[in-house]
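Chains as they are written, first to last, in our numbering: chain U, 1068 to 1385; chain P, 6 to 552.
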């Protein structure tokens, strides 16, 4: 059994490395092909001679062929050197380290809020299918999924920061509690969209299980409501876990809007600026780091399946 | 000097920052109104009428809300206008700029010309850096060397192309020699253009990363950087090492709030005393905020059409004239800019002639350049005489950060349709638009923020070699060459206007409007002499605690 898990892990890690290589090449290629010129972005509309533009391009090896540029980046990245940002002149590794904590805090808080609120809400909705409570929860989740993040953020800001004055309008604050206070609205903004997604998935998964024959059988055998629900939830856990793992990618995309709206200097805001500027080193590094995070989360979710679902464990053992 | 265009001249970085928010500006503003943001009725647009008197009191902390983020405090690396505004109070050049657009002493007390191409600067002997060390000629020469270096100063090194030599010629004297002898050279060693002087030791210690959070700049200006979190905030503290009179604000904190709607909400919540570059789309909402004055000023920006004179059918002057006649510039300024701009009659803006003529006088003289008034009949007549009498189809792009350019283009498209020309209007991300600018399309926008107080800045590019219209006219070239080396400012200005008049006959460019920008102030703070140059100089001295 342990050997099987080990083989599975090695295979998955090998696949992840290949995926990262392919992804880094793809992103580099897309950035290379994207419209825009770094030299122009640095110099703006001001009149610049072709020599001046060439000089800037040579400075960042932009005059070299695509494959040369990519292998140059890759050879450094493999040693952990992500290079220097063209836009800011700062080392990319340091820029990311400085911002990682903030993005992790916002995402973590949003994840926690959405799971704590949405999983129980999804279960409750499934248990009350067709009733007003179900309709209200589903209706609310449709609004949550549909509402654009920046609009939700602005409404929250207007009501809770400007109107009621309960929360700060922008920034990061100082000290643990003050920082946490500053992150509540951005996290809620993210959690609303995320939670709505989880409510719908949890409801669907639980509702499907409730319709299974084993539930009718268990009830007919006289099992208590709580015991039956326990079995149902365990069976519904696999799709819910999958959706939670997928949320990591969604979370990072969502932080981009939340960080810009709430003026938070996190990785999302950095990615937005870097993509627009065609700041290759930063975009590449961020892409790889996010891809690693998503891959690891997917791996953890797979391992979690083994814990919750004995059928998968048994399949692997065979 | 900031090298870009953008909404409220907020600079390239800011433009990049606003791309995301830009798409949402209108809808989000509407949303805020729906949420109950009602005009307070207290604020008004004209600052001069409502600004309180100077109380003479100290300001413990001045909070400034910036419309974009700074990731680096050295403008040689990141050269948006916001970088200049922060850097200008920390690091000095040999010269600075005053609100009228004239160069004023910085670390040099005076400059004299020795021959056509040599500029001799007398260096201030009492200047000190913020760590107490004296400013030496060696520090200045090393800073010039760094400013010219593409690796250290990728954004501004190209500006120094005209510098031939920089050398010490006395105990407190530096001589710079220009290659071309062009009069605009005098702007180069100012901190409003391309020079920020730091100690040699600071440059070396920074190792090419000057301006980042791990290598904060140390200058000789009135404020020292004490805290910098990239894309979050920067805080500066007044020092006693500056040679000038100390400003009133003991500390200045700049908060970077890239989203316009968030910034407005932060303003309404009383989180800032001064907000720069209020977005044109939200002028009304800012004006209606409580305890707020919004001050407008011409920002020396030029918006106009550029025709590539080598591309069909724009190689035909009749086509260019037809389009020029179809633009209703008065209506654009009145209805699209809501009066916050002026009809452009030339490539140079009136404020570029600061120190020589008043804005009104310059406007009067620039109006002498031949104009193409709005007349669809004239437009039809010109088109009928052209190589494409039945009309044609073309396109124009505008940057997403300038929605007013898009609206103006749509208005133009509607008029052109009446004379048989189909104009497709395309919005592009600012980076893509900048890139397309370099491909010289047949019909394009030019949106340019003049970066120095030199009246020939834009004209010498648009009429000189390698101009975006691919326009060549011997008389224009001769006038421009003469203007380049003419030492008398009045004669030079006249020559530049003559060159623009000669061009106007050929309509390689059709000027549309000169823009305005706005700052918002709370009623507790005043800002004297606000012009487009004010914030590029040592501006905290003009900030006061108002009654």
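Don't be surprised by glycine CBs; every beta carbon is placed ideally from N, CA and C.
Please go through the same chain and pick out, in chain order, the residues whose beta-carbon is closer than 8 Å to the beta-carbon of residue i, but skip the five residues on each side of it.
i	result
residue 251 (chain P)	227, 243 and 245
residue 360 (chain P)	105, 106, 107, 458 and 494
residue 481 (chain P)	468, 504, 507 and 508
residue 530 (chain P)	64, 67, 278, 279, 548, 549, 550 and 551
residue 1359 (chain U)	1083 and 1087
residue 93 (chain P)	101, 196, 197, 226, 540, 541, 542, 543 and 544
residue 1318 (chain U)	1174, 1177, 1178, 1257 and 1261
residue 1128 (chain U)	1135, 1136 and 1139
residue 1205 (chain U)	1192, 1266, 1267 and 1270
residue 179 (chain P)	99, 113, 125, 126, 128, 142, 145, 146, 171, 172 and 173
Note down, in chain order, each residue of its chain lying with its Cβ closer than 7 Å to the Cβ of residue i, except the 5 sequence neighbours on either side.
i	result
residue 321 (chain P)	391 and 392
residue 283 (chain P)	13, 291, 299, 523, 524 and 525
residue 325 (chain P)	312, 319 and 512
residue 97 (chain P)	111, 112, 196, 202, 224, 225 and 226
residue 375 (chain P)	506, 509 and 510
residue 1333 (chain U)	1166, 1169, 1170, 1173, 1322 and 1326
residue 117 (chain P)	125
For residue i, which three-state DSSP category applies?
i	result
residue 41 (chain P)	Below a pLDDT of 50, predicted positions are generally treated as unreliable, and residue 41 (chain P), at 32, falls in that range; no measurement from the model is reported.
residue 323 (chain P)	helix
residue 1317 (chain U)	helix
residue 508 (chain P)	helix
residue 121 (chain P)	coil
residue 1338 (chain U)	helix
residue 235 (chain P)	coil
residue 100 (chain P)	strand
residue 393 (chain P)	coil
residue 94 (chain P)	coil
residue 59 (chain P)	strand
residue 1206 (chain U)	helix
residue 116 (chain P)	strand
residue 29 (chain P)	For residue 29 (chain P), the predicted structure reports a pLDDT of 30, less than 50, and the residue's modelled location is therefore unreliable. The matter cannot be settled from this model.
residue 1378 (chain U)	helix
residue 331 (chain P)	coil
residue 3 (chain P)	The requested residue 3 (chain P) does not occur in the structure, where chain P is confined to residues 6 to 552.
residue 4 (chain P)	Because chain P here runs from 6 to 552, residue 4 (chain P) falls outside it and cannot be looked at.
residue 1077 (chain U)	helix
residue 1145 (chain U)	coil
Got a sec? Which residues, its chain only, sit under 6 Å from residue i by beta carbon, not counting five neighbours each side?
i	result
residue 1344 (chain U)	1108 and 1154
residue 1080 (chain U)	none
residue 1401 (chain U)	A query on residue 1401 (chain U) cannot be resolved here, the shown segment of chain U reaching from 1068 to 1385 and no further.
residue 316 (chain P)	447
residue 333 (chain P)	379
residue 5 (chain P)	This structure does not reach residue 5 (chain P), given that chain P is present from 6 up to 552, and the question cannot be answered.
residue 310 (chain P)	515
residue 187 (chain P)	489
Fill in: Residues of the segment 1127-1156 of chain U with Cβ closer than 9 Å to any Cβ of chain P, in chain order
1127, 1151, 1152, 1153, 1154, 1155 and 1156
Worksheet item: Counting pairs of Cβ atoms below 8 Å between the segment 268-283 of chain P and the segment 400-417 of chain P, do you hit three or more?
Response: The segment 268-283 of chain P vs the segment 400-417 of chain P: no contact.
Worksheet entry | Selection of the segment 89-101 of chain P by Cβ proximity to chain U, strictly under 8 Å | Contact annotation: in the segment 89-101 of chain P, no residue has its CB less than 8 Å from a CB in chain U.
Discussion item. In chain order, what are the residue ranges of uninterrupted beta strand (DSSP E) at least 3 long that sit wholly in the segment 422-484 of chain P?
Written reply: 427-433 and 448-454
Worksheet item: When Cβ atoms are compared, which residues of the segment 249-279 of chain P fall closer than 7 Å to chain U?
Response: 260, 261, 262, 263, 264, 266, 267, 270, 271, 273, 274 and 276
Fill in: Interfacial residues, the segment 1225-1255 of chain U to chain P, with Cβ spacing under 7 Å
1225, 1228, 1229, 1236, 1237, 1238 and 1239
Worksheet item: Mind listing which residues of the segment 227-242 of chain P have their C-beta closer than 9 Å to chain U's C-betas, in chain order?
Response: Hits within the stretch, in order: 234, 235, 236, 237 and 238.
Worksheet item: For the segment 1334-1343 of chain U against the segment 1288-1295 of chain U, are there 3 or more C-beta pairs whose distance is under 8 Å?
Response: no
Worksheet item: Quick one, which residues of the segment 180-197 of chain P are near chain U if we go by CB-CB under 7 Å, in chain order?
Response: none
Worksheet item: Taking the runs of the alpha helix (DSSP H) that are 4 residues or longer, which of them lie wholly in the segment 242-321 of chain P?
Response: 265-273 and 288-292
Worksheet item: Along the chain, which unbroken stretches of the beta strand (DSSP E) at least 3 residues long are found entirely within the segment 139-224 of chain P?
Response: Taken in chain order, the complete beta strand (DSSP E) segments of 3 residues or longer contained in the segment 139-224 of chain P are 168-175 and 178-183.
Discussion item. Using a Cβ-Cβ cutoff of 7 Å, what residues of the segment 1102-1126 of chain U are near chain P? List them in chain order.
Written reply: The segment 1102-1126 of chain U vs chain P, Cβ under 7 Å: 1102, 1103, 1104, 1107, 1108, 1109, 1110, 1111, 1112, 1113, 1114, 1115, 1116, 1119, 1122, 1123 and 1126.
Fill in: Cβ contact check for the segment 1131-1139 of chain U and the segment 1317-1326 of chain U: 3 or more pairs under 8 Å
no
Worksheet item: At a cut of 8 Å, does the segment 1184-1202 of chain U reach the segment 1361-1368 of chain U through at least three beta carbon pairs?
Response: Segment contact: the segment 1184-1202 of chain U against the segment 1361-1368 of chain U, fewer than three CB-CB distances shorter than 8 Å; contact not assigned.
Discussion item. Tell me whether the segment 165-178 of chain P and the segment 436-453 of chain P touch, counting them as touching only if at least three CB pairs, one residue from each stretch, are closer than 8 Å.
Written reply: no
Fill in: Unbroken stretches of the alpha helix (DSSP H), 4 residues or longer, contained in the segment 1228-1307 of chain U
You should have 1243-1277 and 1280-1287.
Worksheet item: Does the segment 1226-1239 of chain U come close enough to the segment 1210-1218 of chain U to have 3 or more Cβ pairs within less than 8 Å?
Response: no
Discussion item. Threshold first: 3 residues or longer. Then list the beta strand (DSSP E) segments lying entirely within the segment 348-413 of chain P, N to C.
Written reply: 398-404
Fill in: Three CB pairs or more closer than 8 Å across the segment 341-354 of chain P and the segment 363-379 of chain P
yes
Worksheet entry | the segment 1291-1304 of chain U touching the segment 1145-1165 of chain U, judged by at least three CB pairs closer than 8 Å | Touching, no.
Discussion item. Tell me whether the segment 207-216 of chain P and the segment 150-162 of chain P touch, counting them as touching only if at least three CB pairs, one residue from each stretch, are closer than 8 Å.
Written reply: Flag = yes, the segment 207-216 of chain P and the segment 150-162 of chain P touch.
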